[in-house]
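Peer 1: Take this structure, written in structure tokens, and hold onto it; I'll ask about it next.
Numbering (my numbering), first residue to last: 170 to 578.
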């Protein structure tokens, strides 16, 4: 299956020869998974650490990379469904003040139910992520992708989806959130909060939470306070308890953010007066995204045996990095969309415009003929074909000594 998947994605019969070289080294499935996740064929071979497979795959690398450019040209918000993921004790009313998010995101649709239902009814973040992806397929089609707009706990859910199903993510908008797991002290405080919820009730716990959620100015805005009480009572104590315990057991997603595939654009927004996920969380995510950008541009190495030392560097070689931004919002605490709706959506609109510009640039590059192509056909040099043939011969020779021929089927 790995051979057939890779040759289909590469899009030319000659590519099957190179993918069989990968198969003969026992790595077809891993390579197919890399391709599905978005890596060019040559980069998939490099990950496998086989110099012969790498050089053999070069014979169809230009075609695979052209297909890769075409694939990521579809990336970004424009043709995707926006899924809103509110935080703890919140509903999608959090996003309801100000201009339409769909217009700001340039999304094909906004699913106002899927994310909220997952956030309120699932018992942990892996279950939330699975519910989102299953719902995306069932409600919007198997090819649908999502711009995940996650606030606080919803941001944790968005990162969980990005870690597990990056191919379903067209963009991440992470609001008032962070990428670290809870510390032991934070976990203990959350469990104590659940005990207090069960002994004193929702109103007493939420009353104590309110001052930390808002900026100084917002704490005096009765319309915001009234809406928060309405959302909290709509969510209820049982869902609140599930959310708090899910936060306590969440995974650390620093590597998820740092190793995010290049086709996924990212926007991180934090209130300058946020006391729950303060600006230092925003700065840490910025540092991780900067590291991601640096590693995407790491110089290509000719020898594949350098790959283990580089870790995931070079995994997405040749791909253009989608736009990413981090923003601190003036006059806002933990509830940026509610406290500063106009500034929040203006930030999203500016980011979406950059993503759209990037998509158009990538699409234009994908439409250009690949190197060595004439009249729509690829014409590799004689020397390249000779090197590829020699490498394929060497790989198949080794394969025939250690495995039956049927292992390539």
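For every residue, glycine included, the Cβ atom is placed at its ideal position computed from N, Cα and C. Predicted, not measured: the structure shown is a model, and the values here were computed from it.
Terminal residues of the continuous beta strand (DSSP E) containing residue 503?
Peer 2: The residue you call residue 503 lines up with position 334 of the chain shown. For residue 503, there is no enclosing beta strand (DSSP E), as DSSP marks it with neither H nor E.
Peer 1: Roughly how many angstroms separate the alpha carbons of residue 490 and residue 280, rounded to a whole number?
Peer 2: Translated into the one-based positions of the chain shown, residue 490 becomes position 321. Translated into the one-based positions of the chain shown, residue 280 becomes position 111. Rounded to whole angstroms, residue 490 to residue 280 spans 27 angstroms at the Cα level.
Peer 1: Where does residue 442 land, buried or exposed, given buried means 16+ other C-beta within 10 angstroms?
Peer 2: Counting from one through the chain shown, the residue named residue 442 turns up at place 273. Buried, by the Cβ-count rule.
Peer 1: Return the bridge partner residues of residue 519 from the DSSP annotation.
Peer 2: The sequence position of residue 519 within the chain shown is 350, counting from 1. Bridge partners of residue 519: none, in fact.
Peer 1: Residues in the same chain with beta-carbon distance under 8 angstroms from residue 362, minus the five sequence neighbours each way, listed in chain order, please.
Peer 2: Taking the chain shown and counting its residues from 1, one reaches residue 362 at position 193. Contacts found: 374 and 413.
Peer 1: Would you give the residue range spanned by the beta strand (DSSP E) that residue 493 belongs to?
Peer 2: Here residue 493 corresponds to residue number 324 of the chain shown, with the count starting at 1. Residues 493–498.
Peer 1: Reducing DSSP to helix, strand and coil, say where residue 408 ends up.
Peer 2: Sequence index remark: in the chain shown, residue 408 carries index 239 (1-based). DSSP, read as helix, strand or coil, puts residue 408 in helix.
Peer 1: What does DSSP give as the partner residue(s) for residue 439 in the beta ladder?
Peer 2: Here residue 439 is taken as the residue at index 270 of the chain shown, counted from 1. DSSP, once it has assigned bridges, lists 497 as partnering residue 439.
Peer 1: Do the CB positions of residue 465 and residue 437 come within less than 7 angstroms of each other?
Peer 2: By one-based count along the chain shown, residue 465 stands at place 296. By one-based count along the chain shown, residue 437 stands at place 268. Cβ atoms of residue 465 and residue 437: not closer than 7 angstroms.
Peer 1: What residue range is occupied by the uninterrupted beta strand (DSSP E) comprising residue 339?
Peer 2: Counting from 1 along the chain shown, the entry for residue 339 is found at position 170. That run of the beta strand (DSSP E) goes 338–344.
Peer 1: For residue 364 and residue 406, I'd like the C-alpha separation in whole angstroms.
Peer 2: Within the chain shown, the letter at position 195 stands for residue 364. Within the chain shown, the letter at position 237 stands for residue 406. Approximately 11 angstroms, taken between the alpha carbons.
Peer 1: I need the boundaries of the alpha helix (DSSP H) containing residue 304, first residue and last residue.
Peer 2: Here residue 304 corresponds to residue number 135 of the chain shown, with the count starting at 1. Where residue 304 is concerned, the enclosing alpha helix (DSSP H) stretches over 294–309.
Peer 1: When we look at the beta-carbon of residue 521 and count the other beta-carbons within 10 Å, is it buried (16 or more) or exposed?
Peer 2: Indexing the chain shown from 1 puts residue 521 at position 352. When all chains shown are included, residue 521 counts as buried.
Peer 1: Please confirm whether residue 258 and residue 401 have their CB atoms less than 7 angstroms apart.
Peer 2: Numbered from its first residue, the chain shown carries residue 258 at position 89. Numbered from its first residue, the chain shown carries residue 401 at position 232. Closer than 7 angstroms, so yes.
Peer 1: To the nearest angstrom, how far is the alpha carbon of residue 460 from that of residue 315?
Peer 2: Translated into the one-based positions of the chain shown, residue 460 becomes position 291. Translated into the one-based positions of the chain shown, residue 315 becomes position 146. Using only the alpha carbons, I get a separation of about 25 angstroms.
Peer 1: Just curious, the alpha helix (DSSP H) that residue 288 is in, first and last residue?
Peer 2: Counted from its first residue, the chain shown places residue 288 at position 119. In the DSSP assignment, residue 288 falls within the unbroken alpha helix (DSSP H) covering 283–290.
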